[in-house]
Amino acid sequence: MIPTIHIPNTGHPWSTVYAVAAANISESWLLTGGLMVQLHAIMGGLTARPTTDADLLADLMADRRGIARLRGVLTACGFET
326 MIPTIHIPNT GHPWSTVYAV AAANISESWL LTGGLMVQLH AIMGGLTARP
376 TTDADLLADL MADRRGIARL RGVLTACGFE T
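Set out below in structure tokens:
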């Protein structure tokens with residue numbers, strides 16, 4: 326069973342991840358990079374150096390419209406393409 330980790334939505338970059346997660350496109354993307362490392366550290370009771378960006382990977386095998394869906398959410402959050 327995958328544990329549930331509660332991370333406060335205290336601003337960027339986690340606010341971006343929360344917005345994508347709330348968009349109900351869970352089959353379209355996954356978290357990678359520094360925030361994933363930070364998440365693993367939190368799960369292990371460790372501290373990790375902070376990061377200021379969110380690395381998201383669109384899963385085209387699971388959802389061929391994954392990039393478009395992810396882009397739509399990020400555009401709605403104010404990001405530019």
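Residues 326 to 406, numbered by our numbering, are exactly what the sequence shown covers, in order.
Using N, Cα and C, we set each Cβ at its ideal position, and we do this for glycine too.
How should Gly391 be labelled, buried or exposed, when 16 other C-beta atoms within 10 angstroms of its C-beta is the threshold for buried? In this structure Gly391 is buried. Its beta-carbon is surrounded by 16 or more other beta-carbon atoms within 10 angstroms.
Can you pull the DSSP bridge partners for Ala401? Paired residues: none, contrary to the question.
Using a 10 Å radius around the Cβ and a threshold of 16 neighbouring Cβ atoms, would you call Thr341 buried or exposed? Classification for Thr341: buried.
Which one or two residues does DSSP pair with Asp380 in a beta bridge? Asp380 is bridged to Thr357.
What residue does the alpha helix (DSSP H) around Ala344 start on, and which one ends it? Its alpha helix (DSSP H) spans residues Trp339 to Ala347.
In chain order, what residues of the same chain lie with their CB nearer than 8 Å to the CB of Pro338, ignoring the 5 residues before and after it? Annotation for Pro338: Leu360, Thr376, Thr377, Asp378 and Ala379 place their beta carbon closer than 8 Å to its own, counting only its chain and skipping 5 residues before and after.
What would DSSP say about Ile350, mapped onto helix, strand or coil? Here Ile350 sits in coil by DSSP.
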